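There are 2 protein chains.
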Amino acid sequence: MKNFEITENILEHFEKFIPLSENLKSELTKKLNYIVFKKGEIVLNANQVCTESYFINKGILRTYFLKDGKEISEYFCGIDEWVNSPKSFMQRKKDIYYIDAIENTDAYFINVNDLVYLFDNFPEMERYARLSMGSVFGHFMERITSMRFTSAKERYTHFQKTYSDIYHRIPLGMVASYLGITQETLSRIRAEK
Amino acid sequence: MKNFEITENILEHFEKFIPLSENLKSELTKKLNYIVFKKGEIVLNANQVCTESYFINKGILRTYFLKDGKEISEYFCGIDEWVNSPKSFMQRKKDIYYIDAIENTDAYFINVNDLVYLFDNFPEMERYARLSMGSVFGHFMERITSMRFTSAKERYTHFQKTYSDIYHRIPLGMVASYLGITQETLSRIRAEK
DNA sequence: CACAACTTTTGATCTATATCAAATAATCAT
DNA sequence: ATGATTATTTGATATAGATCAAAAGTTGTG
Chain A
458 MKNFEITENI LEHFEKFIPL SENLKSELTK KLNYIVFKKG EIVLNANQVC
508 TESYFINKGI LRTYFLKDGK EISEYFCGID EWVNSPKSFM QRKKDIYYID
558 AIENTDAYFI NVNDLVYLFD NFPEMERYAR LSMGSVFGHF MERITSMRFT
608 SAKERYTHFQ KTYSDIYHRI PLGMVASYLG ITQETLSRIR AEK
Chain B
458 MKNFEITENI LEHFEKFIPL SENLKSELTK KLNYIVFKKG EIVLNANQVC
508 TESYFINKGI LRTYFLKDGK EISEYFCGID EWVNSPKSFM QRKKDIYYID
558 AIENTDAYFI NVNDLVYLFD NFPEMERYAR LSMGSVFGHF MERITSMRFT
608 SAKERYTHFQ KTYSDIYHRI PLGMVASYLG ITQETLSRIR AEK
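Each protein sequence line maps, in turn, to chains A and B.
The first sequence begins at 458 in my numbering and counts up by one.
The second sequence begins at 458 in my numbering and counts up by one.
Dropping the structure here:
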């Protein structure tokens, strides 16, 4: 039995991009499920197909991969953001990314088959996907620039800005690998001012 | 008078993602135009709204911006790729990016209003946009990783792979800024092996 | 609540790449 | 073609941030 109240904020999220017909609203409510993760819990393992996309209602999920046995954080997602392993989810392939919960996290999720069903039956969902993806694009470009031409300290400042609501809740080591610097360097940067 | 032969390869490109109805084919043919740029020519200036998206038929276009008076290459596009200033084009805002021609370049182009018309009237175009954007996503993620955790030499090798067909036609200085290293370092990397 | 297991900090080197400077080499316009 | 620009290479030094090592702090669990 689905709780309508629960799905309110995610529906509002869709409505930032497209108008929702009653029909689509009810289909979304049918296809979306709700799940709770405990801090530290693995949401997705590497080397398996990511069949669900998660929309965070509370908490933080992280995508990471292993390089020389160490966890490299790829990105963090907080409230009102979608998380999945992009290539894996869209192409139904295995990929290197893990997803885990940095905090106790509540999320909606939708299965890839149900999403495809929505794409096939509600063209406005295609528009939603195009527009919401577009808004992520700019962030990626900024990050690439940030990685190329700024000092460790500037990158940390930039990180604080782009993740202003959650940055203080993420452990230092994870932030360091996200920024492409060592923990020691990040610790010194934090210490200095 | 539109030359149908000219538009063949771009239509084939669309058909990699979506089936094209005769109707959509004819609309696309109507909305697409053709333009030729000479080597060195500016396609788009910074600080003005990018109203056209270019699909390259021959040659190379480059997106770059200025940092401390120096050109920083953002990306290069060769045959069968779309080029525009993403934020500017999608949000009709001014942005910092320039586009110029690295070689004599022939391209189709479409105006943003015509593209919106197509999105509004052909839902399959929304799907095309979603799918083709998705394929760029993976490249962005790889590049971010490449920037964070690899040496200058590895980055150059990665660059040669991702731009295997055009990398040797791009001047060294432009490649260096794309990789986030100095010309001197890149020159030494090239010299060594 | 105590001790084991992480996480963060601090300190001492080391190194890849930047920076500065100048010499060649390639390209372009007259 | 020929000199003027512009791009690339080569050399000498400087430095941000890595690496290695160990201490201090924090967190979670029986």
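Ideal Cβ positions, reconstructed from N, Cα and C, are used throughout, including at glycine.
Being a predicted model, the structure only gives us computed values, none of them experimental.
Taking 9 Å as the cut-off between beta carbons, the residues of the segment 513-530 of chain B near chain A are F522, K524 and I529, in sequence order. For B/L501, no Cβ of chain A is located within less than 9 Å of the residue's own Cβ. Between B/L523 and B/I556, the C-beta spacing is not below 9 Å.
For B/V540, DSSP records a beta bridge to B/Y511.
In the three-state reduction of the DSSP assignment, B/E641 falls in the helix class. Our two residues, B/E583 and A/R584, have alpha carbons roughly 6 Å apart in a direct line.
Beta-bridge analysis with DSSP links A/L518 to A/C534 and A/A558.
According to the DSSP assignment, A/I499 belongs to the beta strand (DSSP E) that extends over I499 to L501.
At a cut-off of 9 Å between C-beta atoms, A/P580 counts as an interface residue with respect to chain B. With contacts defined by Cβ atoms closer than 9 Å, A/I623 and A/A564 do not form a contacting pair. Cβ contact annotation for B/E538 (same chain, cutoff 6 Å, sequence separation greater than five): I513, in chain order.
Beta-bridge analysis with DSSP links B/N568 to B/E509. Identification of residues in the segment 529-560 of chain A having a C-beta nearer than 8 Å to some C-beta of chain B yields I529, E531, P543, K544 and M547, given in sequence order. The beta carbon of A/L481 lies closer than 6 Å to those of F579 in the same chain, with the five residues before and after it left out. By the C-beta density criterion, A/A586 is buried, having at least 16 other C-beta atoms within 10 angstroms. Of all residues in the segment 601-630 of chain A, those with a C-beta nearer than 7 Å to a C-beta of chain B are I601, M604, R605 and F606, reading in chain order. Straight across, the Cα-Cα distance linking B/G630 with B/K551 is about 26 Å. By the rule that beta-carbons nearer than 9 Å mark a contact, A/R645 does not touch chain B. Taking 9 Å as the threshold, the shortest C-beta distance from B/E583 to chain A falls below it. As DSSP reads the structure, B/I529 sits in a beta bridge with B/F522. Of B/I646, B/E465, B/F616 and B/V569, the smallest CA-CA separation from B/L636 is found for B/F616.
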